[in-house]
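Down below is the structure, laid out as structure tokens.
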């Protein structure tokens, strides 16, 4: 499709280049749009939750209700159900993680912002690094370093020679695959979603400038773009949920005495 | 993803399922990557071309065994 349209007046299909936004101030690479969005999200989240908690009342306002339902969702459905009786220690981290990822994901479909911060891979990498450090730290503190490594490497009830096969897989799973899949799942979902929206909406706009036949098709591209925006909204919430849920599950695994 | 249920016991169950799902994906992936990678390294070292296949099969088998060990036997 891209080639076909390109013959007219150069439709440039969206590509990875659309994610390399230029710095806002001069050539300082720390002033790109995703960086500002990340800071903006922190301000937004802080203001929202401070305001919703400040005038806490027995009969909550709508505002307070919204803030409290998000908090109790993370606290009860994610932390308490998954981690168990020691969950309170981890609620601040899980709550921060969930709201930060959710807000930054939603930036992808909010007009004028329209860029999911997490589609730049370094943001998910850093978040996964935090989770990685936390769940290993918790496990080492809870079980002791030697016992923890032994638990990872040697699954009980297996003939000894089989460990040669299984131990490398276990090590790779805990130290490589877990943080990588955690970050890449979030990154890839946000990246692909944004690209998809770009294709349909920029494509629709380009069709509008074509001959009459193409103009007639253009509304379908826009309609599809709008439908996909709703779909994206779902994916964005789901990915924030999955990231937080897996973090909680990893912490729960670190605290569990046996598997 | 499994359906959400207001019943908290069911919800816990669905989270365990989700945990199992992602762990299994992780195991299968790392089995293939690690043993396939070792096979590929041996191939490069000995100038052969079949160890990567041996490694991949071994890794797939081992990781399925590992999944069974962790989630299958009760």
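Protein chains in written order, with this note's numbering: chain A, 200 to 458; chain B, 9 to 82. Glycine included, each C-beta is placed from N, C-alpha and C at the ideal position. Model, not experiment: these values are computed from the prediction.
| task | Select from A/455, A/304, A/326, A/282 the residue whose C-alpha is nearest the C-alpha of residue 381 of chain A. | result | Cα-wise, what sits closest to residue 381 of chain A is A/326.
| task | Compute the distance between the beta-carbons of residue 297 of chain A and residue 443 of chain A, then report whether it is under 8 Å. | result | The answer is yes: Cβ separation under 8 Å.
| For residue 368 of chain A, does the count of other Cβ atoms within 10 angstroms reach 16, so buried, or fall short, so exposed? | Residue 368 of chain A is buried by the Cβ-count criterion.
| said: What does the alpha-carbon distance come out to for the pair residue 404 of chain A and residue 417 of chain A? | reply: In this structure, the straight-line span from the alpha carbon of residue 404 of chain A to that of residue 417 of chain A is close to 7 Å.
| request: Answer yes or no: does any C-beta atom of chain A fall closer than 8 Å to that of residue 68 of chain B? | output: By this cut-off, residue 68 of chain B is not an interface position.
| query | Which residues, taken in chain order from the stretch 261-277 of chain A, show a beta carbon closer than 8 Å to some beta carbon of chain B? | reply | Of all residues in the stretch 261-277 of chain A, only 276 come within less than 8 Å of chain B when Cβ atoms are compared, listed by chain position.
| field | Coil, strand or helix - residue 56 of chain B by DSSP | value | For residue 56 of chain B, the three-state secondary structure derived from DSSP is coil.
| Same chain, Cβ closer than 7 Å to residue 266 of chain A, neighbours up to 5 away in sequence not counted | These residues qualify, in order along the chain: 247, 248, 251, 252.
| message | Determine whether the beta carbon atoms of residue 215 of chain A and residue 223 of chain A lie at a separation below 8 Å. | response | For the pair residue 215 of chain A and residue 223 of chain A, the CB atoms are not nearer than the 8 Å cut-off.
| request: Would you tell me roughly how many angstroms separate the C-alpha atoms of residue 31 of chain B and residue 375 of chain A, rounded to the nearest one? | output: Between the alpha carbons of residue 31 of chain B and residue 375 of chain A lies a gap of roughly 13 Å.
| said: For residue 68 of chain B and residue 373 of chain A, I'd like the C-alpha separation in whole angstroms. | reply: Distance between the alpha carbons of residue 68 of chain B and residue 373 of chain A is about 17 Å.
| task | With DSSP as the reference, label residue 359 of chain A as helix, strand or coil. | result | Residue 359 of chain A carries a helical assignment under DSSP once its states are collapsed to helix, strand and coil.
| For residue 41 of chain B, which residues in chain A fall below 7 Å Cβ to Cβ? | Identification of chain A residues near residue 41 of chain B by a Cβ-Cβ cut-off of 7 Å yields 371, ordered along the chain.
| query | Considering residue 287 of chain A, what are the terminal residues of the alpha helix (DSSP H) in which it resides? | reply | Going by DSSP, residue 287 of chain A is part of no alpha helix (DSSP H) at all; its letter is neither H nor E.
| said: Tell me the DSSP secondary structure of residue 11 of chain B in three-state form. | reply: Since pLDDT at residue 11 of chain B reaches only 39, below the 50 mark, its modelled position is unreliable, and the value read off the structure follows with that caveat. Coil.
| Does the pairing of the stretch 344-362 of chain A with the stretch 259-276 of chain A give three or more beta-carbon distances under 8 Å? | Verdict: no, contact absent.
| field | CA-to-CA distance, residue 446 of chain A to residue 331 of chain A, given in whole angstroms | value | Between residue 331 of chain A and residue 446 of chain A, the C-alpha separation is close to 8 Å.
| field | First through last residue of the alpha helix (DSSP H) which encompasses residue 272 of chain A | value | DSSP places residue 272 of chain A in no alpha helix (DSSP H); its state is neither H nor E.
| task | Can you grab the Cα-Cα spacing for the pair residue 63 of chain B / residue 323 of chain A, in whole Å? | result | Looking at the two C-alpha atoms, the distance is approximately 31 Å.
| task | Starting from residue 334 of chain A, follow the alpha helix (DSSP H) in both directions and report where the run begins and ends. | result | Secondary structure note for residue 334 of chain A: its alpha helix (DSSP H) is the uninterrupted segment 321-342.
| query | Beta-carbon of residue 287 of chain A versus every beta-carbon of chain B: anything under 8 Å? | reply | Output row for residue 287 of chain A: interface = no.
| query | Helix or strand or just coil, what does DSSP make of residue 420 of chain A? | reply | Residue 420 of chain A: helix per DSSP, three-state reduction.
| request: Check residue 408 of chain A in the structure and name its three-state DSSP category. | output: Of the three classes helix, strand and coil, the one that applies to residue 408 of chain A here is coil, per DSSP.
| message | If you reduce the DSSP assignment to three classes, tell me which class residue 354 of chain A lands in. | response | The answer is coil: DSSP assigns residue 354 of chain A none of H, G, I, E or B.
| Spatial distance of residue 335 of chain A from residue 344 of chain A (CA atoms) | Near 9 Å, if we compare the C-alpha coordinates of residue 344 of chain A and residue 335 of chain A.
| query | With 16 other CB atoms within 10 Å as the buried threshold, where does residue 408 of chain A fall? | reply | Around the CB of residue 408 of chain A, fewer than 16 other CB atoms lie within 10 Å, so the residue is classed as exposed.
| query | Can you find a C-beta in chain B that's less than 8 Å from the C-beta of residue 385 of chain A? | reply | No - not a single Cβ of chain B is within 8 Å of the one on residue 385 of chain A.
| query | To the nearest angstrom, how far is it from the Cα of residue 450 of chain A to the Cα of residue 438 of chain A? | reply | Going from the Cα of residue 450 of chain A to the Cα of residue 438 of chain A covers about 18 Å.
| said: Would you say residue 456 of chain A lies against chain B (beta-carbon separation less than 8 Å)? | reply: No, its Cβ sits nowhere closer than 8 Å to a Cβ of chain B.
| task | Compare the C-beta of residue 71 of chain B against all C-beta atoms of chain A and say whether one is closer than 8 Å. | result | Interface flag for residue 71 of chain B against chain A is set, since a Cβ pair is found closer than 8 Å.
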